[in-house]
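Using numbering that gives the first Met the number 0, the first residue of the sequence shown is number 0, and each one after it goes up by one. Don't be surprised by glycine CBs; every beta carbon is placed ideally from N, CA and C. Quick notes on the structure that follows.
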Amino acid sequence: MRQILLFALLAVTAAAAAGAEDGLLRRARSGDVVSQLKAADEFMFGKNGRKVNLQLALHWFRQAALQNSGAGQFNLAMCYQRGWGGKVRRAAAFYYFRKAMNNGIAPAAAQYAMMLFHGVAAESDPEGEFPEVKADPDTALKILRQVAPHDRAGELFLAKYLFQHAEKHAPELLQLLQRHVQRPDADPEMLVLYAAFLRSGAGGVMDPHLAAQILERAAAMRHPEAMAQFAELLHQGFGVKTDHVRADKLIDDAIKLHSPRALVWRGNEYLNGLYREQDPHRAVEFFTLAAQQHYPPALRQLGLCYVSGAGVERDEKRALRYFLQAAGKGDAPGQFQAAECFRHGIGTAKNYHAAYYWYRRAAENGDAGAMRETGLALLAGRGIEKDPAQGEKWLRRAALCSDPAAQQALQVNGEASF
0 MRQILLFALL AVTAAAAAGA EDGLLRRARS GDVVSQLKAA DEFMFGKNGR
50 KVNLQLALHW FRQAALQNSG AGQFNLAMCY QRGWGGKVRR AAAFYYFRKA
100 MNNGIAPAAA QYAMMLFHGV AAESDPEGEF PEVKADPDTA LKILRQVAPH
150 DRAGELFLAK YLFQHAEKHA PELLQLLQRH VQRPDADPEM LVLYAAFLRS
200 GAGGVMDPHL AAQILERAAA MRHPEAMAQF AELLHQGFGV KTDHVRADKL
250 IDDAIKLHSP RALVWRGNEY LNGLYREQDP HRAVEFFTLA AQQHYPPALR
300 QLGLCYVSGA GVERDEKRAL RYFLQAAGKG DAPGQFQAAE CFRHGIGTAK
350 NYHAAYYWYR RAAENGDAGA MRETGLALLA GRGIEKDPAQ GEKWLRRAAL
400 CSDPAAQQAL QVNGEASF
């Protein structure tokens, strides 16, 4: 394997020599790190008359990295992580992010921590040069807390992680977001996250008016997601005065920026005849454009169109495929719809075990209807072994989410009702 790698490097070097015998490449081949980094940059972006050549960019970043250049190590890791100039090699990327981090490169520390949260499988390095990395969330979180004040990507990733675990980290998250929003150059993604936090009520904090103000600020930065979200608030009058005309213009502008959320909103307008004449065919066009970006709500909406025949010829098998695509991306309503298909035999044979699996996934992702169905399945032993205690627990969780059917089920004695 090492001989093959050596041969590949010699071949790349030969190609470089044949390409242009200029001073920069001569200095780079002589071992000058600054020249190696400059050559890599020129080949990466096609600067100074050079043609883009990602293989040569990878080669020169690697030469700089082997001389313990933090910049070379970081850029080499990025190449391995994204597959620029060769195969994706996540374990190799992790190794060089760590080297760059130890050389004081703050963005490398953020990337290293992000990978450490989930670990890296051994098979992610097709060359077999680097071992697997076991997940270590505690260490990753510690590193992110250290690097966040100095690195915007690290700060954003830390905020997203804390938001996902807001029940445990709400005070820390709130402090981080409040500090960030005071910056004149605040990141619009952080603003969108802050607005979501204020609307969620996590940690006992809920302020729809401040959330609307923050989203308006992010929308003014032409951030597509913020534009779409603020438009929805203007339509709904949630935390801000209703203004359908302004909302419609924001949705138009967000669509021009390819916002999948705005595309789905416009599709739903046509599907339901909301603010415009009902046109299911146009709705499907907008859902399809958003689905091409692999946006889960769009995939789910297409599934609903195909299962009902709205704007398209009814096709239950195709509907199930869309539901499963949305479900696989963590979309709780999509998981619920997939479960419904397996339970009732829509687009497939009935499969109570698969139905329970997707109900449970959706329930764990906060879908109240799925909580109810998970509880009822456990009580009845439908697709899973009976467990009355767990079944009642899920029903109570659904009832707390104001699911009327769960509230009714809890009031009925005996298993026959389930």
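Can you tell me where the alpha helix (DSSP H) holding residue i begins and where it ends?
i    : result
I142 : 136-146
A38  : 32-44
Q324 : 315-327
D330 : That residue, D330, is in no alpha helix (DSSP H); it is neither H nor E in DSSP.
C400 : It is not in any alpha helix (DSSP H) - C400 carries neither H nor E in the DSSP assignment.
E154 : 151-163
P207 : 207-219
E224 : 223-235
T373 : 367-379
N101 : 89-101
Tell me, please, which residues DSSP counts as bridged to residue i.
i    : result
V132 : V119
Using alpha carbons as the reference points, say which of the options lies closest to residue i.
i    : options                : result
Q80  : A63, N101, L57         : L57
N101 : S68, E363, F116        : S68
D186 : E166, E171, H222       : H222
D366 : G333, K349, P387, M220 : G333
S199 : H352, A362, H164       : H164
H208 : E166, L249, G238       : G238
A289 : G310, L273, L256       : L256
I254 : N271, D278, K240, E224 : E224
L140 : H149, E128, A158, S29  : A158
A362 : L394, A388, E384, H343 : L394
A70  : N52, V32, K50, W83     : V32
A326 : Y274, D247, L175, P296 : P296
A147 : Q291, Q277, L172       : L172
P130 : A108, A90, L115, Q110  : A90
Y274 : Q291, V283, A246, S258 : A246
D135 : E154, Q145, M114, Y305 : M114
L143 : K46, F156, E276        : F156
K250 : A230, H234, K240, G203 : Lys is not the amino acid found at residue 250; the sequence shown has Ile there. Among A230, H234, K240, G203, the Cα nearest to that of I250 is on A230.
H343 : W83, V306, K46         : V306
L409 : Q235, G374, K385       : G374
Less than 7 Å between C-beta atoms, sequence neighbours within five positions excluded: which residues of the same chain meet that for residue i?
i    : result
G346 : E315, K316, A318, L319, C340
N421 : The question about residue 421 has no answer, for the chain in this structure spans 0 to 417.
G368 : F335, D402
A210 : A194, L197, R198, G238
F322 : R299, G302, G333, Q336, A337, C340
Got a sec? Which residues, its chain only, sit under 6 Å from residue i by beta carbon, not counting five neighbours each side?
i    : result
F285 : L262, R265, G266
S34  : L23, R26, A27
R371 : A397, D402, A404, A405
Q62  : Q35
M220 : P187
F73  : A99, I104, A107
A39  : A56, W59, F60
V283 : C304, G310, V311
In the structure shown, what three-state DSSP assignment does residue i receive?
i    : result
S68  : coil
Y269 : helix
Y274 : coil
R49  : coil
W357 : helix
R1   : Here the model assigns R1 a pLDDT of 37, short of 50, so the residue's position is not dependable and the matter cannot be decided.
G202 : helix
A16  : Residue confidence is low: A16 scores 42 on pLDDT, short of 50, so the model does not pin down where it sits. Its coordinate-derived value is still stated next. DSSP places A16 in helix when its eight states are reduced to three.
S29  : coil
N74  : helix
E312 : coil
T287 : helix
L9   : Any reading at L9 must be qualified, since the residue scores a pLDDT of 38, below 50, and its modelled position is unreliable; no value is offered.
E414 : Note that E414 scores a pLDDT of 43, beneath 50, so its modelled location is shaky and nothing firm can be said.
A348 : coil
Q292 : coil
G22  : helix
E384 : coil
D242 : coil
K86  : coil
I104 : coil
S258 : coil
Measuring from the CB of residue i, is there a heavy atom of the ligand ATP at a distance below 7 Å?
i    : result
G344 : Looking at this structure, you won't find the ligand ATP or any other ligand, since it has none at all.
Among the residues of its own chain, which have a CB less than 8 Å from the CB of residue i, if the five just before and after it don't count?
i    : result
A376 : Y351, A354, Y355, Y358, G382, I383, G390
Q2   : Reliability of the predicted coordinates at Q2 is poor, the pLDDT of 42 falling under 50, and no value is obtained from them.
R151 : D186
L303 : A309, A318, Q336
G329 : P295, N364
L5   : The predicted model places L5 with a pLDDT of 36, which falls under 50 and marks its position as unreliable, so this point remains unresolved.
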